[in-house]
Amino acid sequence: MPPPHVTNDLFHRALANEVRRQILISLGKREKYLSEIASELDMKPQTVDFHLSMLVELGLISADLRAGKRFYKLEDPKILEFLRDKKPIPPRFHPKPPHEIMNEMWEDIRKRLDRIEKKLDSIS
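Using our numbering, the first residue of the sequence shown is number 42, and each one after it goes up by one.
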(Lines of atoms letter the chains of each structure in order from A; the text may use other names.)
(Lines give C-alpha, C1' and ligand atoms only; values in the text may rest on other atoms or scores of the structure.)
Protein backbone atom coordinates (compact mmCIF):
# COMPACT_ATOMS: atom_id res chain seq x y z
CA MET A 42 0.00 0.00 0.00
CA PRO A 43 2.77 2.58 0.63
CA PRO A 44 4.31 4.07 -2.50
CA PRO A 45 7.21 1.95 -3.83
CA HIS A 46 9.91 4.34 -2.58
CA VAL A 47 8.53 4.31 0.98
CA THR A 48 9.69 1.55 3.29
CA ASN A 49 7.22 -0.09 5.64
CA ASP A 50 9.12 1.47 8.54
CA LEU A 51 8.65 5.00 7.18
CA PHE A 52 5.03 4.32 6.30
CA HIS A 53 4.20 3.03 9.77
CA ARG A 54 6.12 5.82 11.47
CA ALA A 55 4.17 8.37 9.43
CA LEU A 56 0.87 6.79 10.37
CA ALA A 57 1.83 6.32 14.02
CA ASN A 58 1.26 10.05 14.52
CA GLU A 59 -2.32 11.10 15.30
CA VAL A 60 -1.98 14.50 13.57
CA ARG A 61 -0.87 12.88 10.31
CA ARG A 62 -3.71 10.37 10.50
CA GLN A 63 -6.21 13.21 11.01
CA ILE A 64 -4.75 15.09 8.04
CA LEU A 65 -5.04 12.03 5.80
CA ILE A 66 -8.65 11.45 6.84
CA SER A 67 -9.44 15.12 6.25
CA LEU A 68 -7.92 15.00 2.77
CA GLY A 69 -9.92 11.85 2.06
CA LYS A 70 -13.02 14.06 1.81
CA ARG A 71 -11.56 16.47 -0.77
CA GLU A 72 -8.40 18.43 -1.51
CA LYS A 73 -7.76 21.33 0.84
CA TYR A 74 -5.26 24.08 1.49
CA LEU A 75 -3.21 24.60 4.65
CA SER A 76 -5.50 27.07 6.43
CA GLU A 77 -8.55 24.87 5.84
CA ILE A 78 -6.83 21.83 7.31
CA ALA A 79 -5.44 23.78 10.28
CA SER A 80 -8.87 25.26 11.01
CA GLU A 81 -10.64 21.92 10.68
CA LEU A 82 -8.17 20.21 13.03
CA ASP A 83 -8.01 23.25 15.35
CA MET A 84 -4.21 23.40 15.12
CA LYS A 85 -1.62 26.03 14.32
CA PRO A 86 -0.82 26.26 10.60
CA GLN A 87 2.91 25.78 11.38
CA THR A 88 2.19 22.44 13.06
CA VAL A 89 0.00 21.25 10.20
CA ASP A 90 2.56 22.45 7.63
CA PHE A 91 5.29 20.38 9.31
CA HIS A 92 3.19 17.22 9.05
CA LEU A 93 2.00 18.03 5.51
CA SER A 94 5.63 18.35 4.39
CA MET A 95 6.42 14.91 5.75
CA LEU A 96 3.37 13.36 4.07
CA VAL A 97 4.28 15.01 0.74
CA GLU A 98 7.89 13.82 1.03
CA LEU A 99 6.66 10.27 1.60
CA GLY A 100 4.34 10.52 -1.40
CA LEU A 101 1.20 9.87 0.63
CA ILE A 102 -0.24 13.24 -0.44
CA SER A 103 0.59 15.70 -3.20
CA ALA A 104 0.66 19.49 -3.29
CA ASP A 105 -0.46 21.74 -6.13
CA LEU A 106 -0.09 25.54 -6.19
CA ARG A 107 -3.21 27.33 -7.53
CA ALA A 108 -4.34 30.92 -7.14
CA GLY A 109 -1.61 31.57 -4.59
CA LYS A 110 -2.65 28.66 -2.38
CA ARG A 111 -1.07 25.25 -2.06
CA PHE A 112 -3.75 22.57 -2.27
CA TYR A 113 -3.08 19.13 -0.84
CA LYS A 114 -4.74 15.92 -1.93
CA LEU A 115 -4.58 12.29 -0.94
CA GLU A 116 -2.63 10.20 -3.45
CA ASP A 117 -4.07 6.77 -2.67
CA PRO A 118 -7.54 6.25 -1.15
CA LYS A 119 -6.40 2.82 0.06
CA ILE A 120 -4.69 4.65 2.92
CA LEU A 121 -8.15 5.63 4.17
CA GLU A 122 -9.21 1.98 4.19
CA PHE A 123 -6.13 1.21 6.26
CA LEU A 124 -7.01 4.00 8.72
CA ARG A 125 -10.73 3.24 8.82
CA ASP A 126 -10.11 -0.44 9.48
CA LYS A 127 -8.16 0.79 12.50
CA LYS A 128 -5.37 -1.63 11.79
CA PRO A 129 -2.94 -1.29 14.65
CA ILE A 130 0.38 0.40 14.16
CA PRO A 131 3.08 -1.90 15.58
CA PRO A 132 4.20 -0.61 19.00
CA ARG A 133 7.82 -0.25 17.90
CA PHE A 134 6.71 2.64 15.66
CA HIS A 135 4.98 4.56 18.44
CA PRO A 136 7.07 7.47 19.63
CA LYS A 137 7.96 7.35 23.31
CA PRO A 138 6.81 10.20 25.52
CA PRO A 139 9.65 12.46 26.73
CA HIS A 140 9.38 11.29 30.34
CA GLU A 141 9.99 7.67 29.27
CA ILE A 142 13.04 8.70 27.27
CA MET A 143 14.40 10.62 30.28
CA ASN A 144 13.70 7.72 32.65
CA GLU A 145 15.56 5.31 30.36
CA MET A 146 18.46 7.74 30.09
CA TRP A 147 18.71 8.16 33.88
CA GLU A 148 18.49 4.41 34.39
CA ASP A 149 21.34 3.91 31.93
CA ILE A 150 23.44 6.57 33.68
CA ARG A 151 22.73 4.98 37.07
CA LYS A 152 23.88 1.56 35.82
CA ARG A 153 27.06 3.03 34.38
CA LEU A 154 27.84 4.86 37.61
CA ASP A 155 27.25 1.65 39.58
CA ARG A 156 29.76 -0.17 37.36
CA ILE A 157 32.30 2.62 37.81
CA GLU A 158 31.77 2.58 41.57
CA LYS A 159 32.36 -1.20 41.69
CA LYS A 160 35.57 -0.84 39.69
CA LEU A 161 36.80 1.90 42.02
CA ASP A 162 35.95 -0.22 45.07
CA SER A 163 37.90 -3.16 43.65
CA ILE A 164 40.93 -0.93 43.07
CA SER A 165 40.94 0.45 46.63
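All C-beta atoms, glycine included, are put in the ideal place defined by N, C-alpha and C. Every value quoted in this text rests on a predicted model; they were computed, and no experiment measured them.
Helix, strand or coil for residue i, going by three-state DSSP, please let me know.
i, result
"Ala57", "coil"
"Lys85", "coil"
"Leu75", "helix"
"Asp126", "coil"
"Asp105", "strand"
"Leu93", "helix"
"Val51", "Position check: residue 51 holds Leu in this sequence, whereas Val was assumed. DSSP places Leu51 in helix when its eight states are reduced to three."
"Leu121", "helix"
Using a Cβ-Cβ cutoff of less than 8 Å, which residues in the same chain neighbour residue i once the five nearest sequence positions on both sides are dropped?
i, result
"Tyr74", "Lys110, Arg111, Phe112 and Tyr113"
Give every residue of the same chain whose Cβ lies closer than 7 Å to the Cβ of residue i, excluding the five residues on either side of it in the sequence, and list them in chain order.
i, result
"Ser76", "Pro86"
Please tell me whether residue i and residue j are closer than 8 Å, where the distance is taken between their beta carbons.
i, j, result
"Leu121", "Ala55", "no"
"Ser94", "Glu81", "no"
"Leu51", "Leu124", "no"
"Leu106", "Gly69", "no"
Looking only at its own chain, which residues have a Cβ that is under 6 Å from the Cβ of residue i, when we skip the five neighbours before and after it?
i, result
"Ala172", "In the structure as shown, the chain begins at 42 and stops at 165. Residue 172 is therefore absent and cannot be evaluated."
Count Cβ pairs between the stretch 141-149 and the stretch 99-115 that sit closer than 8 Å; are there 3 or more?
No: fewer than three Cβ pairs fall under 8 Å.
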